[in-house]
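Accompanying notes for the structure given below.
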Amino acid sequence: MTAKADLLEAWGTHLAQGRRRSPHTVRAYVATASRLLDTLGETDWPQLASLDAAALRRQLASRRQEGIGNVSAARELSALKAFLIFAREKAGMTDAMPPRLRGPRIKKGIPRPVTPDEAVNLAVAVDEDAREAWIGARDRAVLLLLYGAGMRIAEALSLPSSALPLSDTLVVTGKGGKQRVVPLLPIIRDAVDDYVAKCPWPVAHENHRKDPLFRGAKGGPLSQGMVQKAVARARVSLGLPSSATPHALRHSFATHLLGAGADLRSLQELLGHASLGSTQIYTKVDAATLLDVYRNAHPRERD
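The opening residue of the sequence shown carries number 1 in UniProt numbering; numbering runs sequentially from there.
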């Protein structure tokens, strides 16, 4: 038998180094594997590799009894399948396909973008509400990167100090280590320069080129949670709905570009989507936005 800790360590290393998954994904997938190992007890790679669809179904049923919904169950199933593929590879099995088991149907929701004014107001509000000037400048710069360049929050927070000085474009490393080039508007570059000038930590110094660009209050890497909390406070003060999150700014970037005439292929490149299907959802967003405008502006609708 192989110790549980050894199994999880190998799985986590494979995800982080072999597959270059995000820290969040690694934690979630390792947690899923840990729950499965707790259910099975002592085991090893060959025994894991021999698990069938019925075993996965029992594991999911147990999680369902704990109250998880369709979205969480679908993610759990994906993690389990990936873990079993890895187990089969470790066991030397040539057939690395996981057991066939269909996950729950998930209705894809349409992202809810904010308006351009709301996006700018959020960035201004987090700046003005911060307890220190440099923290406000930092959060404003992060939000402008999300709305002005369509970056994921994890991408913005993982930028190293070596990205400085910023130019008209920026190379961004996205999911799976895939790199893309995004244009940077002058307002974004100015916001980052303002943060760097106010930051008490030497983010632009030659000896700190590998350090994170965006620092937390104690000098370490800035966490997503801190940005989300700042946006939540600003959202309340501005009277915006709960859907106005940092990730909504990325949705808004895509929606507003599409509404201005950008084609889907270009938008796919800017967003770093692996497939065009992920980008096509914004055509629905744009249609929904136009419908709202129609309903609010057409005389017949107001009568």
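Note that CB positions come from ideal geometry on N, CA and C, so glycine has one too.
| query | result |
| --- | --- |
| G179 versus V192: straight-line alpha-carbon distance, rounded | Reading off the sequence, residue 179 comes out as Gln, not Gly. Computed Cα separation, rounded: 21 angstroms. |
| Pick from L164, A3, R35, Q268 that is closest to A79, judged by C-alpha positions | R35 |
| Under the three-state DSSP convention, the category D303 falls into | Confidence is the limiting factor: at D303 the pLDDT is only 43, short of 50, which leaves the residue's position unreliable, though a coordinate-based value still follows. DSSP places D303 in coil when its eight states are reduced to three. |
| For L124, the nearest candidate out of L15, R250, V231 (CA to CA) | Note on residue identity: the sequence assigns Val, not Leu, to residue 124. Answer by Cα proximity: V231. |
| Simplified DSSP assignment, three categories, for L166 | coil |
| Identified DSSP bridge partners for Q179 | T173 |
| Residues near F83 by beta carbon distance below 8 angstroms, same chain, minus five either side | W11, Y29, T32, A33, L36, L48 |
| Minimum C-alpha distance to E42 - residue among R63, L157, A5, K81 | A5 |
| Per-residue burial, P113 [other beta carbons within 10 Å of its own, 16 or more giving buried] | buried |
| Those runs of the beta strand (DSSP E) which lie wholly inside the UniProt domain "Core-binding (CB)" (2-88) and span at least 3 residues | none |
| contact_flag[the region 154-174, the region 124-139] where n(CB pairs < 8 angstroms) is 3 or more | no |
| Residue span of the alpha helix (DSSP H) that contains V124, given as start and end | 116-129 |
| 9 angstroms Cβ cutoff met for R215 and V227 | no |
| Three-state class that DSSP yields for P113 in the structure shown | coil |
| Neighbour-count burial assignment, R27, 16 or more Cβ in a 10 Å radius | exposed |
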